[in-house]
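Undergrad:
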Amino acid sequence: MKQHVLLIDDDEDEMTILFEALRDAGIDQKCTWAHDVDHALKMLPYLRPEIIFIDLNMPVTNGLEGIRLIRALPGFKETPVILYSTHIETKRAEALQAGADYCIKKPSSIEELTAVVADLFRHIGSGT
């Protein structure tokens, strides 16, 4: 059964790379893209994704605040939310406190990202 994945990122190229990594990792998924947090918040009640990826650095509302807003919506307290960024190390504790389930660093290659995504979905699937 396909998992519905919501990708929240203002950079269409980054979104495309993440989509390709999900596909290359063999994840049976349907992806929807939101170009910012406000767009995502409007779509979430209708989409009901199983997993949400959100970029840390976005204009207007950043990923940390986006996670807080998503967690405040009815029905989204348990949905896995993954924060990703090129500089995640300095924000990991704050992200987890905001409600992120996982934090991943954007790797330098699609192959590395595919491996990270595959590992992440193994953890999500096993509940660890």
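Going by the numbering used here, the letters in the sequence shown line up with residues 28 to 155, in that order. The beta-carbon is built from N, C-alpha and C at its ideal position, and this holds for glycine as well. Remember, it's a predicted structure, so these values are computed and weren't measured experimentally.
1) Compare the C-alpha of E138 against each of R75, V32 and R50 and name the closest.
2) Beta carbon of I81, beta carbon of A99: below 9 Å?
3) T117: beta carbon under 8 Å from a heavy atom of the ligand MG?
4) So for D51, helix, strand or coil by DSSP?
5) What whole-angstrom Cβ distance do I54 and V143 have, given they're in contact under 8 Å?
6) Whose C-beta lies closer than 6 Å to the C-beta of A6 among residues of the same chain, with five residues either side of it excluded?
7) Is the CB-CB distance between T141 and E41 below 9 Å?
8) Provide the residue(s) that pair with F80 in DSSP beta bridges, ordered along the chain.
TA: Taking the geometry as given:
1) R50
2) no
3) Looking at this structure, you won't find the ligand MG or any other ligand, since it has none at all.
4) Helix, per DSSP.
5) Going by Cβ atoms, the distance from I54 to V143 rounds to 12 Å, so no, they are not a contact pair.
6) Because the chain is modelled from 28 through 155, residue 6 falls outside the range shown and cannot be assessed.
7) No.
8) Note: F80 sits in a beta bridge opposite L34 and I109.
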